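Residue numbers (our numbering): 344 to 559.
A short worksheet on the structure shown next.
The following block contains the structure:
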């Protein structure tokens, strides 16, 4: 029987509910894998990753920056603290496994960079006249060594310094759009939303590429 990869997808917290956009689930299913939604309430994450073939850190609100030695911008929409600590713990566990595939999307990429010692621009309109190109699902071009094409974005923060990760794609206005770990087979983050990007190679095709990496 063919092995069907099991992919963990992190969830958000909305009052007394854990939530996840259906587009993440549909993208994983259409790529031939089974999605498992991960509620941010696990006692420890090592045994959780033992059961998974790969991990998607989904999009969401803004990181709580005091955790990283600076003040959270008062205009930020702070993510749930339980979710932040859970996902950083997942990254701790995943980082100890050289061949464990991780894909960070939007907030997920930002957390990967913060976990790697990086920093964020906490309010893009302060530094970027083209900040509106990156919100409300706006479609814009990116380019770089690994990926190029039109993507759909929704973020008002962006990576400033990727820490130990390597930048492999940027937007025309120099916003960092994709990062990778230079020494790992698949440890990648993208600032756009591939689960709802229409351009296939940077949309569902990218999700499919990630799923395929879990079978290698």
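Virtual Cβ for every residue (Gly too), placed ideally from N, Cα, C.
Since the structure is predicted, the reported quantities are computational estimates derived from the model, not experimental observations.
Where the alpha helix (DSSP H) through residue i begins and ends
i, result
"residue 503", "Where residue 503 is concerned, there is no enclosing alpha helix (DSSP H), although the beta strand (DSSP E) it sits in stretches over 501-504."
"residue 454", "450-458"
"residue 374", "First-last for residue 374: undefined, no H or E at that position."
"residue 430", "424-438"
"residue 552", "547-556"
"residue 391", "389-393"
Unbroken beta strand (DSSP E) run spanning residue i, endpoints
i, result
"residue 351", "349-353"
"residue 361", "360-362"
"residue 493", "492-496"
"residue 522", "519-523"
Beta-carbon contacts of residue i that lie in its chain and below 7 Å, excluding the five residues immediately before and after
i, result
"residue 453", "406, 463, 500, 502"
"residue 415", "407, 408, 409, 421"
Nearest candidate by alpha-carbon position, reference residue i, set the options
i, options, result
"residue 428", "392, 387, 394", "387"
"residue 460", "508, 361, 383", "508"
"residue 540", "531, 423, 485", "485"
"residue 420", "413, 408, 412", "408"
"residue 465", "537, 404, 446, 511", "404"
"residue 518", "543, 467, 532", "467"
"residue 505", "415, 458, 365, 423", "458"
"residue 556", "365, 534, 399", "399"
Residues near residue i in its chain [Cβ-Cβ closer than 6 Å; skip 5 each side]
i, result
"residue 482", "493, 495"
"residue 376", "348, 350, 554"
"residue 432", "388"
"residue 510", "519, 522"
Classification of residue i by the beta-carbon crowding that lies within 10 angstroms, buried from 16 upward
i, result
"residue 498", "buried"
"residue 371", "buried"
"residue 402", "buried"
"residue 525", "exposed"
"residue 396", "buried"
"residue 536", "buried"
"residue 551", "buried"
"residue 528", "exposed"
Contact belief for residue i with residue j at Cβ below 8 Å, rounded distance in angstroms
i, j, result
"residue 383", "residue 356", "7 Å"
"residue 447", "residue 532", "4 Å"
Cβ-based neighbour list, residue i, same chain, cut-off 8 Å, excluding 5 preceding and 5 following
i, result
"residue 425", "356, 383, 384"
"residue 362", "354, 355, 356"
Check: residue i C-beta below 7 Å from any heavy atom of the ligand NAP
i, result
"residue 384", "No copy of the ligand NAP appears in this structure; indeed no ligand is present at all."
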